[in-house]
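Enquirer: Quick one: the structure is below, and I'll ask about it shortly.
Residue numbers (this note's numbering): 56 to 406.
Here it is, written out as structure tokens:
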């Protein structure tokens, strides 16, 4: 690849816009904005809009954006949801913006107004409740995200713009999680839809739409597990579903089973089960084998392995000291025999 201007964004051409509203003639000269329950696609290309109408419904029409003189084309679709592709890189741009007839008057990141490099002007003028001021007097949260529509003609992006605070918050969180997983190096299939929300403020109910943008993958695991191929982004159904690993089975309590045995042979059978399951060494050198052999010796000696009391032990109250405890009897430890394995005698047998 030849050298590039490093300060330029490597992105596809903007083929059109994805909108969530349109305008209709008002009582006066100024058009009245209308929130759409379906997506509106607009472009300078009549071909693109004709194709969009085939894919998403609606009637193509000539259209001139408010405040402009150059005619474009648009279609108010019947689609409440679009399937799109998030291109590599960081396709999301957000700022608080105030637009006037002369263009963008303010663009702020919430702390610094970028055009004047001064602290947030809306906050300075109106205080913490600046966002409650009339529209057109203060900034609006503005989110722009570039997506690709795989079934539309040509290579390029469609810009989706929303002024919803809730959409801005959700978009940033979701996109940042994807970028953290892919490092911005791969595309990601998306579902984009308009969700109707309702809130109550100061006793009044307010209805508003929110644009939702989420990865369209079989499971969250795929969105967070690293870069995807372009083929997978075009058809998420081809993404291989990872096998769900079953939790390892809990190891049986072989010691409890052995302590419930009444003969040393039964204890040996417990050892055989543990050996077949891979929980003891075949040479009997592991700790569990040693414990099982000790239980077998206790059973042979007539000692109850659950209590440590022998059949001939007959302790009465006279043997208790003043505190009610049995006086200890000091005995020398016998060196434990290294019997059993080969393989867990007597009788041997394959483990």
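We put the beta carbon where it would ideally sit given N, CA and C, even for glycine.
1. Can you list, in chain order, the residues of its chain whose CB lies under 8 Å from that of residue 126, leaving out five sequence neighbours each side?
2. Hey, would you say residue 73 sits closer than 9 Å to residue 178, going by beta carbons?
3. Quick one: grab the DSSP three-state call for residue 370.
4. Roughly how many angstroms lie between the CA atoms of residue 155 and residue 122, to the nearest whole one?
5. Measuring only the C-alpha atoms, how far is residue 86 from residue 188?
6. DSSP beta-bridge partners for residue 210?
7. Determine the closest residue to residue 307 out of 111, 357, 343 and 224, with distance taken between C-alpha atoms.
8. DSSP has residue 267 in a bridge; who is on the other side?
9. Judging by CA-CA distance, which residue of 266, 202 and 282 is the nearest neighbour of residue 217?
10. Quick one: any contact between the stretch 191-202 and the stretch 132-149, if contact means 3 or more CB pairs under 8 Å?
11. Within 10 Å of its beta-carbon, does residue 151 have 16 or more other beta-carbons around it, so buried, or fewer, so exposed?
12. Taking residue 135 and residue 92 to be in contact with their CB atoms under 8 Å, please state how far apart those CB atoms are, rounded to whole angstroms.
13. According to the neighbour-count rule (16 or more other Cβ atoms, all chains shown, within 10 Å of its Cβ), is residue 262 buried or exposed?
14. Checking 9 Å against the spacing of the C-beta atoms, do residue 269 and residue 333 come in under that value?
15. Tell me, please, which residues DSSP counts as bridged to residue 116.
16. Within the chosen definition, does the stretch 270-288 reach the stretch 327-341 through at least 3 CB pairs nearer than 8 Å?
17. Rounded to the nearest angstrom, what separates residue 183 and residue 192 at their Cα positions?
18. Could you tell me the distance, in whole angstroms, from the CA atom of residue 168 to the CA atom of residue 185?
19. Quick check on residue 244: buried or exposed, where buried means 16 or more other Cβ atoms within 10 Å of its Cβ?
20. Could you give the residue range of the beta strand (DSSP E) that holds residue 78?
21. Since residue 184 is in the alpha helix (DSSP H), which residue starts that stretch and which ends it?
22. Under 9 Å between the Cβ atoms of residue 139 and residue 205?
23. What residue range is occupied by the uninterrupted beta strand (DSSP E) comprising residue 280?
24. Residue 157: buried (16+ other C-beta within 10 angstroms of its C-beta) or exposed?
25. If you drop the 5 nearest sequence neighbours on each side, which residues of the same chain put their C-beta closer than 8 Å to that of residue 317?
26. State the beta-bridge partners of residue 330 as determined by DSSP.
27. Reducing DSSP to helix, strand and coil, say where residue 88 ends up.
Expert: Let's see:
1. 117, 118 and 119
2. no
3. With a pLDDT of 44 at residue 370, under the threshold of 50, the modelled position of this residue cannot be trusted; read the value that follows with caution. Three-state DSSP puts residue 370 in coil, outside helix and strand.
4. 10 Å
5. 21 Å
6. Paired residues: none, contrary to the question.
7. 343
8. 248
9. For the residues 266, 202 and 282, the minimum Cα distance to residue 217 belongs to 266.
10. Verdict: yes, contact present.
11. buried
12. With 8 Å as the limit, residue 135 and residue 92 qualify as a contact, their Cβ atoms being about 7 Å apart.
13. exposed
14. no
15. 129
16. Verdict: no, contact absent.
17. Those two C-alpha atoms are separated by around 15 Å.
18. 14 Å
19. buried
20. 69-79
21. Per DSSP, residue 184 is not a residue of any alpha helix (DSSP H), being assigned neither H nor E.
22. Between residue 139 and residue 205, the C-beta spacing is below 9 Å.
23. First-last for residue 280: undefined, no H or E at that position.
24. exposed
25. 354
26. Paired residue(s): none; residue 330 is not in a bridge.
27. The DSSP-derived three-state label of residue 88 is strand.
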